[in-house]
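First comes the structure, then the notes that go with it.
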Amino acid sequence: EEDGKLLYDNPAQDEDAGVHQIVNLSFNEGGGDIANAQGAVLNHGDMRAAGWSGKGKIGYCAELRKEGDFIEIAHSPSLESTATELALDLWAYFDLEKLKGKHCTLVTKTPGSGFGYGYILEYSDTADKARALGFYVAESWRTRGHHVLNNAIATTGWHHIVATFSATTKEIVLFIDGVKAFSQTSLTQSIAPSTSPLIIGAIARDHKDSTKVMTFLGRIDEVKIWSKALTARDIQIYYGHMFVKSGLVSP
737 EEDGKLLYDN PAQDEDAGVH QIVNLSFNEG GGDIANAQGA VLNHGDMRAA
787 GWSGKGKIGY CAELRKEGDF IEIAHSPSLE STATELALDL WAYFDLEKLK
837 GKHCTLVTKT PGSGFGYGYI LEYSDTADKA RALGFYVAES WRTRGHHVLN
887 NAIATTGWHH IVATFSATTK EIVLFIDGVK AFSQTSLTQS IAPSTSPLII
937 GAIARDHKDS TKVMTFLGRI DEVKIWSKAL TARDIQIYYG HMFVKSGLVS
987 P
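Residue numbering for the sequence shown follows the numbering used here, starting at 737 and increasing by one per position.
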């Protein structure tokens, strides 16, 4: 993979999908305080509480080495456009030994760990959740959609995670490495707006505290968020036929 290049049929290049892409961070800067956004909507990532690594899925990536590390995207009106449709798309390197016994966050936009509304994508390997991915969306405490899939991550290494929500179908769906892993009808009619920042790799302890907890101790790369639910075909295109080596496409 070191000499390869990831090929996406990038929705930012598609007239319809590009309008809906609200976050696109590749982390290829390799250093500095800012992960520069790509595409039409420039929601940059603040890297001051995170590290860099040259061992990304493609080139450089973000690395969270200790509890309290995180990447922050300041709130903007474009981040409020996920009320009725949402897709979270990222690559994460899971070190299963390092994450044993941990309950950690991959992406969240919610006022704090007292989760009442917004969305959270998380990973747990605890007594009651074994190597599990969880996806939660909510407009209030009483109307939450969520699902936890145990044994979602079977091996140490890079994994492609996509979580989608649609208010039209009232469904949340999780794709792992290009394959639909679960879907479940949600009680949630929409995702309530939040003026809190979008956090990658951790969650705020509460809405009054800037301290971040539940850090994902690992590497994160190629984070993309859309205000539309990607289809299974979209995701298979992104995941499949990824690397070009010596002019040949390798699955």
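From the three backbone atoms N, C-alpha and C, an ideal C-beta is built for every residue, glycine too.
Residue environment, residue i, which counts as buried when at least 16 other CB atoms sit within 10 Å
i: Asp805; result: buried
i: Ile770; result: exposed
i: Thr947; result: exposed
i: Glu858; result: buried
i: Arg969; result: exposed
i: Tyr975; result: buried
i: Glu821; result: buried
i: Glu799; result: buried
i: Glu958; result: buried
i: Gly870; result: buried
i: Gly792; result: buried
8 Å Cβ cutoff met for residue i and residue j
i: Ala828; j: Leu842; result: yes
i: Thr951; j: Cys840; result: yes
i: Leu966; j: Thr900; result: yes
i: Ile971; j: Gly893; result: no
i: Gly775; j: Asn764; result: no
i: Met783; j: Gly768; result: yes
i: Ile889; j: His895; result: yes
i: Lys906; j: Thr891; result: no
Rounded Cβ spacing between residue i and residue j (contact assumed at less than 8 Å)
i: His756; j: Lys964; result: 4 Å
i: Arg801; j: Gly787; result: 6 Å
i: Ser919; j: Ile908; result: 7 Å
i: Ile758; j: Ile961; result: 5 Å
Member of the options whose CA lies at the smallest distance from the CA of residue i
i: Ile809; options: Ala917, Thr818 and Leu778; result: Leu778
i: Ala819; options: His883, Asp913, Tyr855 and Cys797; result: Tyr855
i: Ala863; options: Leu835, Val873, His883 and Thr844; result: Leu835
i: Lys845; options: Lys838, Ile807, Asp831 and Arg867; result: Ile807
i: Pro929; options: Arg784, Leu815, Tyr872 and Gly792; result: Leu815
i: Arg867; options: Ser902, His896, Val898 and Asp831; result: Asp831
i: Ala938; options: Thr931, Ser926, Ile927 and Gly954; result: Gly954
i: Pro933; options: Val898, Gln920, Ser812 and Glu765; result: Ser812
i: Ser817; options: Asp913, Ile936 and Ser902; result: Ser902
i: Ala917; options: Asn886, Thr891 and Asn772; result: Asn886
i: Val898; options: Lys906, Leu910, Gly870 and Gly837; result: Leu910
i: Glu803; options: Gly766, Ile961, Ala940 and Trp962; result: Ala940
i: Ser860; options: Ala773, Ser762 and Glu833; result: Glu833
i: Lys989; options: Lys838, Ala785, Ser762 and Tyr872; result: With the chain covering only 737 through 987, there is no way to say anything about residue 989.
Residue i CB to nearest heavy atom of the ligand SAM below 7 Å
i: Thr967; result: With respect to the ligand SAM, the structure offers nothing, as it holds no ligand at all.
Those runs of the alpha helix (DSSP H) which lie wholly inside the region 747-805 and span at least 4 residues:
At a cut-off of 4 residues, the continuous stretches assigned as alpha helix (DSSP H) that sit fully inside the region 747-805 are 751-756.
Unbroken stretches of the beta strand (DSSP E), 3 residues or longer, contained in the region 878-923
Secondary structure remark: continuous beta strand (DSSP E) runs of at least 3 residues inside the region 878-923, in chain order: 879-885, 893-902, 907-912 and 915-921.
Tell me the start and end of each unbroken beta strand (DSSP E) in the region 855-879 that is at least 3 residues and wholly inside, in chain order.
As far as the region 855-879 is concerned, its whole beta strand (DSSP E) runs of at least 3 residues are 868-876.
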